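Chemist: Position one of the sequence shown corresponds to residue 15 (the working numbering), numbered consecutively onward.
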Amino acid sequence: MAPHAVATLAKAALPSVPGVSLLPGVRKEPSSGHLLLVRRRTGVVVDADHAARYAAVCGFPRKDAVPLPYPHLLGFDLQLALMSEPGFPAPALGLVHVDNVIRSHTPVLPGQVVDVEVRVGEPRPHPRGRIFDFETVVSHEGGDVVWEETSSYLHRGSGDEAAPRGLELAETPPSGAVWRLDAGLGRRYAAVAGDWNPIHVHPLSAKAFGFPRAIAHGMWTMARCVATFENRLPAATTVEASFRKPVLLPGSVAFGSRPRGDGGLDFSLSRPGAPGADPTWHLLGRAFPTPD
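(1) Grouping DSSP H, G and I as helix and E and B as strand, with all else coil, what is P273?
(2) Do three or more CB pairs link the region 123-142 to the region 57-73 at distances below 8 Å?
(3) From L49 to V128, what does the alpha carbon distance come to, in whole angstroms?
(4) Quick check: D174 and P137, are their CB atoms within less than 9 Å of each other?
(5) If you compare alpha carbons, which of P264, L51, S172, P85 is closest to R227?
(6) Alpha carbon to alpha carbon, how far is R53 from F225?
(7) Looking only at its own chain, which residues have a Cβ that is under 6 Å from the Cβ of V206, when we skip the five neighbours before and after it?
(8) How many angstroms separate the CA atom of Y203 from the CA atom of F90?
(9) Could you give the distance in angstroms between the alpha-carbon of A184 and the alpha-carbon of T242?
(10) Considering only the beta carbon of each residue, do G135 and H169 sit closer than 9 Å?
(11) What are the residues that DSSP puts in a beta bridge with I145?
(12) May I ask you to verify whether the region 289-303 touches the region 176-192, counting CB pairs closer than 8 Å and requiring at least 3?
(13) Could you give the C-beta distance for S118 and T251, rounded to a whole number, given that I count them as a contact under 8 Å?
(14) Could you give the DSSP three-state label for W210: helix, strand or coil?
(15) Quick one, are the C-beta atoms of S282 and P212 less than 9 Å apart?
(16) Grab the span of the alpha helix (DSSP H) containing G173 for me, first residue to last.
(17) Which stretch, first to last residue, makes up the alpha helix (DSSP H) that contains G232?
(18) Once the 5 residues before and after W161 are set aside, which same chain residues still bring their CB inside 7 Å of it?
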């Protein structure tokens, strides 16, 4: 992990540390009602070796273009940077990634030079708190948009029971494949993605946040699903995912998928259970051609 990414992650975590969270420059202030934060990086070269490491840890086959979810990593440290700004009204370690939507327009190629912009505005209400939508846009250098993403994070608190809960996705039953995930998966993905949130990397640090042991990254679970069907979809593809129950490491997950009428498919990850039992959902998703 690059030194600047370590520093950004540490800064983003400070508002979650008792005592430190009250210091000037660290303390989070309530939203003013006009929140709009933007970070932009230009001239980013898509690193072929990094994309290959990502493909390997997420199960993608070798191909000319980078995996469809890979550009998320081009903007992830910009997300962290926005979360660490004093003007952002919630601590990074208090946010829960609940939904993710990717809209790919054209393939992103290794060696390509792109511009990356991430922005976040005012939160919207949720029954369990409020949602911050981080919008990431990847474009040709000074040109057309090639890839977009909305990452939705929940900050728990007083909510609005009448507000939408998030993406409404089909409950696709398991279709036979079961993946066994080892205890080191979170650390391997973190080493590629730069997401060293302590709930993912060690059972002791995960327990400090209320989990019995480390949990898999939500973006890994989505990417692992996409790896099974990406080659069957057009380059211009939209993928929507809703993260439900966390995946404990080590553990096993059951994958499910079925075709949709629009040329895409619905998919899921669930906890393996007895035949006929109601599944415990870890992830629900769908993929379909991106509209023109």
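Virtual Cβ for every residue (Gly too), placed ideally from N, Cα, C.
The structure displayed is predicted, hence computed values, not measured ones.
Modeler: On the basis of the coordinates in this document:
(1) Walking along the sequence shown from the start, residue 273 turns up at place 259. Strand at P273.
(2) yes
(3) As a first step, residue 49 must be located in the sequence shown, where it is residue number 35. As a first step, residue 128 must be located in the sequence shown, where it is residue number 114. Straight-line Cα distance between these residues: approximately 26 Å.
(4) Position 160 of the sequence shown, counted from the first residue, corresponds to residue 174. Position 123 of the sequence shown, counted from the first residue, corresponds to residue 137. No, they are not a contact pair.
(5) Taking the first residue of the sequence shown as position 1, residue 227 is located at position 213. Checking every option, the nearest Cα to that of R227 belongs to P264.
(6) For the purposes of this step, residue 53 is taken as the residue at position 39 of the sequence shown. For the purposes of this step, residue 225 is taken as the residue at position 211 of the sequence shown. Looking at the two C-alpha atoms, the distance is approximately 32 Å.
(7) In the sequence shown, residue 206 corresponds to position 192, counting from 1. Here the set comprises R67, Y68, V71.
(8) The count along the sequence shown starts at 1 and reaches residue 203 at position 189. The count along the sequence shown starts at 1 and reaches residue 90 at position 76. The alpha-carbon atoms of Y203 and F90 are separated by roughly 13 Å.
(9) As a working note, residue 184 is residue 170 in the sequence shown. As a working note, residue 242 is residue 228 in the sequence shown. Cα to Cα, A184 sits roughly 18 Å from T242.
(10) Counting from one through the sequence shown, the residue named residue 135 turns up at place 121. Counting from one through the sequence shown, the residue named residue 169 turns up at place 155. Not a contact, by the Cβ cut-off of 9 Å.
(11) Translated into positions along the sequence shown, residue 145 becomes position 131. In the DSSP output, where bridge partners are listed per residue, I145 has R138, L168.
(12) yes
(13) In the sequence shown, the residue the question calls residue 118 occupies position 104. In the sequence shown, the residue the question calls residue 251 occupies position 237. The pair is a contact, with the Cβ atoms about 5 Å apart (cut-off 8 Å).
(14) Translated into the one-based positions of the sequence shown, residue 210 becomes position 196. W210 falls in the coil class under three-state DSSP.
(15) Position 268 of the sequence shown, counted from the start, is the residue given in the question as residue 282. Position 198 of the sequence shown, counted from the start, is the residue given in the question as residue 212. No, the pair does not count as a contact, with Cβ atoms beyond the cut-off.
(16) Indexing the sequence shown from 1 puts residue 173 at position 159. Here G173 belongs to no alpha helix (DSSP H), and DSSP marks it neither H nor E.
(17) Counted from its first residue, the sequence shown places residue 232 at position 218. Element bounds for G232: 232-243.
(18) Translated into positions along the sequence shown, residue 161 becomes position 147. So the qualifying residues of the chain are P85, S118, H119, V122, V152.
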